[in-house]
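Protein chains in written order, with our numbering: chain A, 1 to 246; chain B, 1 to 246.
2 protein chains.
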Amino acid sequence: MKATVPITVASLKVACSQCNLVELCLPFGMSESEIDRLDELVGARRKIKRQQHLYRAGDPFEAIYAIRAGSFKTDVLLEDGREQVTGFQMTGEMLGLDGISTEAHSCNAIALEDSEVCVIAYSKLEELSRVVEGLQLQFHKVMSREIVRDHGVMTLLGSMRAEERLAAFLLNMSQRFTARGFSPAEFHLRMTREEIGSYLGLKLETVSRAFSKFQDEGLIAVQQKHIRILDIVGLKRLIQPPSPRP
Amino acid sequence: MKATVPITVASLKVACSQCNLVELCLPFGMSESEIDRLDELVGARRKIKRQQHLYRAGDPFEAIYAIRAGSFKTDVLLEDGREQVTGFQMTGEMLGLDGISTEAHSCNAIALEDSEVCVIAYSKLEELSRVVEGLQLQFHKVMSREIVRDHGVMTLLGSMRAEERLAAFLLNMSQRFTARGFSPAEFHLRMTREEIGSYLGLKLETVSRAFSKFQDEGLIAVQQKHIRILDIVGLKRLIQPPSPRP
DNA sequence: ATGGACCGTTGATCCACGTCAACCACGAAA
DNA sequence: TTTCGTGGTTGACGTGGATCAACGGTCCAT
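See below:
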């Protein structure tokens, strides 16, 4: 009976060094001894049910979050009710970085499915990253990567057509699922057509039509949220038309 | 004769504590004693002539830059020649943060006029921000602010119409000029219509037409790159239509 | 199993913005 | 001065994606 106790304790322990997401998450690139020192960083885990907010725009900023399980969207709401989805986040990715600048969150983070996050008190992160060099560098890289990613989205929104946008989105999802050990060619989207549309600057009808068109052309097989990519090369070709400018 | 020497030396000295941009730049919010310690941070200044690159996509990342005088645009070039301007930067703002993540720059930074930047070796910044707490916090805030700004642009590109975008752009410029001690209502744009269009996800003709429309409506007076804002409230009203949704 | 809410698909029509083209204003160089 | 090149404006026209509308599928809760 008692033999089960240590196992239970171990599985409940919150520790980066025990986590199978190290290679995707904040500890990526850090030495083992450095990662050991992170174990004090994650104060607690927090479960968020589907459709619930992890935080809302305006909430005071105290912590950033690493996704331990599940997935999220972040969005900003305009005064007139328009919504702009600014990103989709998967396991190992960080949430809440936007809050540092004003010490209040500037967007909403909403779980797309029942999820769990590691809560990283920002004050503790600052403190620890002063002594653990690898943590300092990795944290900066995580923020910088977010900036680069946002520039990619701006490019997509500013200069690509609807089908290019969706192709880029699918390839991005495929790549991220692959990095997490899932199939590059077959995956389940957790977000609705409307959320995809908002992210891509399109209406849901346009997203739906583009999905259908890709299916007609044999590029993918769609069944609701389940996607199978049949022709990766074809999708990539959509984004980079072969003949540049005359 | 020799009396002029110390003055010359002082004016050449590269020092945040002597700089009149402290309130806009990295040292913002830091104590005087902390700022004094920054003086070793800025290794050198660098002058960039109009249309020249400060760095290019792919360049190895070694430093970030604080704009001391002048202004820049950052852009990414797609393989087929399309350009997406990802931002315009003014004095006191930082350039190069995108390079941390991959240790190579991911966009181009091009001077819109003859400009000068302070070169901040990234290794030195890391080192110093481990001991100067205020620097660590401020640097994180600068990165976070960039993320928030990018989300704003994504919102603009993803869910606003042409005239809303241009109004938002003008109000943003006005606010930034104001913060630098210039008139909120009258300023000189350093970028072309095409660059504005690229930034806003519009063609230059659309930008031009929107300028003309605003002028016809008495919101602004345009003379080439010289802008006078005549009705700020009217511009703001354009972004937030008074009647939300029925 | 049944009703209902939500989500997705598809068609018909519309319009905001892109495209194409002509022309004009300004500054630099000759 | 004239010329040239770049940048800006404006008009006519075309189109990609939005809008409006109807319907079908799926997943719940009862």
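Yeah, the Cβ is synthetic: ideal placement off N, Cα and C, and Gly gets one too.
- Not one beta carbon of chain B lies nearer than 9 Å to the beta carbon of Gly29/A.
- Under the DSSP assignment, Asp75/B falls in the beta strand (DSSP E) whose first and last residues are Phe72 to Leu77.
- DSSP places Lys225/B in the coil class of the three-state scheme, outside both helix and strand.
- Spatial neighbours of Arg37/B in its own chain (CB-CB distance under 6 Å, excluding positions within 5 residues in sequence) are listed in chain order as Val132.
- In this model, Ala63/B and Val153/B are separated by some 25 Å (Cα to Cα).
- Listed in chain order, the positions of the stretch 202-217 of chain B with a beta carbon within less than 7 Å of a beta carbon of chain A would be empty, since no residue qualifies.
- Between the C-alpha atoms of Leu171/A and Asn172/B there is a straight-line separation of about 34 Å.
- Here Gly87/B is buried: its Cβ has 16 or more other Cβ atoms, across all protein chains shown, within 10 Å.
- Taking C-beta separations shorter than 6 Å and ignoring five residues to either side along the sequence, the partners of Thr74/A in its chain run Thr86, Gly87, Cys107 and Ala109, following chain order.
- Between the C-alpha atoms of Glu83/A and Leu202/A there is a straight-line separation of about 12 Å.
- Contact between the stretch 51-69 of chain A and the stretch 203-213 of chain B is not established, with fewer than three Cβ pairs separated by less than 8 Å.
- Secondary structure at Met30/B: coil, using DSSP grouped into helix, strand and coil.
- Interface flag for His226/B against chain A is unset, since no Cβ pair is found closer than 9 Å.
- In this structure, Val14/A is the residue among Ser129/A, Ile100/A, Val14/A and His226/A with its C-alpha nearest to the C-alpha of Cys118/A.
- DSSP places Gln215/B within a helical segment (H, G or I) once states are collapsed to three.
- For Lys141/A, a Cβ of chain B is located within less than 9 Å of the residue's own Cβ.
- Distance from the CA atom of Ser101/A to the CA atom of Leu230/A, rounded to whole angstroms, is 43 Å.
- Close to chain B, meaning a Cβ-Cβ distance shorter than 7 Å, are the following residues of the stretch 147-167 of chain A: Ile147, Val148, Asp150, His151, Val153, Met154, Thr155, Leu157, Gly158 and Ser159.
- With respect to the C-alpha of Pro184/B, the residue from Ile196/B, Ile220/B and Leu112/B having the closest C-alpha is Ile220/B.
- Using a Cβ-Cβ cut-off of 8 Å, Cys107/B is close to His151 of chain A, given in chain order.
- Glu113/A is outside the set of residues whose beta carbon lies under 9 Å from a beta carbon in chain B.
- Residue pairing by DSSP puts Ile64/B in a beta bridge opposite Ile120/B.
- The C-beta distance from Phe61/B to His105/B rounds to 6 Å, short enough to meet the 8 Å contact threshold.
- Classified as buried, Glu163/B has 16 or more neighbouring CB atoms from the shown chains inside 10 Å of its CB.
- The beta-carbon of Thr86/B is placed less than 9 Å from the nearest beta-carbon of chain A.
- Considering only beta carbons, the part of the stretch 123-134 of chain A lying closer than 7 Å to chain B consists of Glu126 and Arg130, in chain order.
- Counting C-beta atoms within 10 angstroms of its own C-beta, Gln240/A has fewer than 16 neighbours from the protein chains shown and is therefore classed as exposed.
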